[in-house]
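Reviewing the structure listed below.
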Amino acid sequence: MEVGYHIKCKKGDVAKNVIVVGDPGRATLASKIMEDARLVNENRGLLTYTGKYDGIEVTVATHGMGAPSAAIVIEELLMLGAQNIIRVGTTGAIQPHIDVGDVVVPNGAIPLDGSTRGYVPEGFCPVPDFFLMKTLCEAIDRRGLRKHVGLIATFDLFYAEANSAEMWRRRNVLSVEMECSVIFTLAYLRKA
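So in this note's numbering, spot 156 of the sequence shown is number 147, and the numbers just go up one at a time.
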């Protein structure tokens, strides 16, 4: 792919190291702490910036809300050269020991969304790349942040019924969100 259909970037506009966010405001905020940040896409509100952080080239890209939008963006980022993708965003903690501001690092995502099922059969439990997850955990520890590593659940619905979250809480799921399952699946399938 020379130019993305939704992300109007060319090969070379996207770094191999990518941070994805749901909110375009977060992408803009991240660009302000990057060196030489340049806006490489604004099509469809999917703001994408490439620059450097601590001397390393990085892209920060918006994927919007939910697995369908995230799948489109991740597919195109991978086609444009992304190799390491970390999602930074909001998750709904369902365990009482997780406080606002804590970092949740998923070691697996229960796929309760429809998009993941479009790629893999039922029974497939998407997991992140172990070495990327380990590196992320080490970076969080160096910064002295409080982190929780464990399973999360990816839903299609933001306003799901409370009893659904309660069921997953009893099964020790840390939090619920709307994108990680399909992101992990695509990274696995596309060998990123």
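Even for Gly, the Cβ is constructed at its ideal location relative to N, Cα and C. Here the structure is a predicted model, which is why all the values come from computation and not from measurement.
Short of 8 Å in beta carbon distance, which residues of its chain neighbour residue i, apart from the five on each side in sequence? Order them along the chain.
i, result
"LEU37", "HIS(-3), ILE(-2), PRO15, ALA52, THR53, HIS54, GLY55 and VAL64"
"LEU127", "ILE77 and VAL96"
"ARG29", "TYR40, THR41 and GLY42"
"ALA18", "VAL12, LEU38, THR39, TYR40, VAL51, ALA52 and THR53"
"ARG133", "none"
Pull up the distance between the alpha-carbon of residue i and that of residue j, whole angstroms please.
i, j, result
"PRO102", "LYS43", "33 Å"
"GLY141", "GLY(-5)", "34 Å"
"ARG137", "ILE131", "8 Å"
"ILE89", "GLY109", "32 Å"
"GLN74", "VAL111", "21 Å"
"PHE146", "PRO117", "14 Å"
"ASP104", "PHE115", "12 Å"
"ALA156", "ALA178", "26 Å"
"ASP27", "ASP45", "12 Å"
"VAL167", "GLU129", "23 Å"
"ASN223", "VAL94", "The chain is shown only over -8 to 183; residue 223 falls outside these bounds and no answer can be derived."
"ARG162", "ILE174", "23 Å"
"MET158", "ALA183", "32 Å"
"GLU152", "CYS0", "39 Å"
So, is residue i buried or exposed, given that buried needs 16 or more other C-beta atoms within 10 angstroms?
i, result
"THR82", "buried"
"PHE121", "exposed"
"TYR150", "exposed"
"LEU165", "buried"
"MET169", "buried"
"ILE47", "exposed"
"ASN34", "exposed"
"GLU67", "buried"
"VAL12", "buried"
"MET135", "Just to set this straight, residue 135 is Gly in the shown sequence, not Met. It is exposed - the Cβ of GLY135 has fewer than 16 other Cβ atoms within 10 Å."
"VAL91", "exposed"
"PRO87", "exposed"
Ordered along the chain, which non-local residues of its own chain (more than five positions away) have a Cβ less than 6 Å from that of residue i?
i, result
"ARG160", "ILE85"
"ARG181", "LEU69"
"PRO119", "PHE175"
Using a threshold of 8 Å, state whether the C-beta atoms of residue i and residue j are closer than that.
i, j, result
"VAL5", "GLY80", "no"
"VAL49", "MET25", "yes"
"ALA58", "SER106", "yes"
"SER172", "ALA100", "yes"
With a CB to CB cut of under 7 Å and the five nearest residues on each side skipped, what residues in its chain are close to residue i?
i, result
"LYS2", "GLU(-7), LEU71 and GLY72"
"SER60", "HIS54"
"ILE10", "ALA21, VAL49, VAL51, ILE77 and VAL79"
"ALA62", "SER106, VAL173 and LEU177"
"MET124", "VAL96 and ASN98"
TODO: Write down every uninterrupted run of the beta strand (DSSP E) in the stretch 34 to 87 whose length is 3 residues or greater and which is fully enclosed by it, in chain order.
DONE: 39 to 44, 47 to 53 and 75 to 78
Task: Runs of beta strand (DSSP E) lying entirely within the stretch 98 to 157, each at least 3 residues, in chain order - done: 138 to 146, all fully within the stretch 98 to 157.
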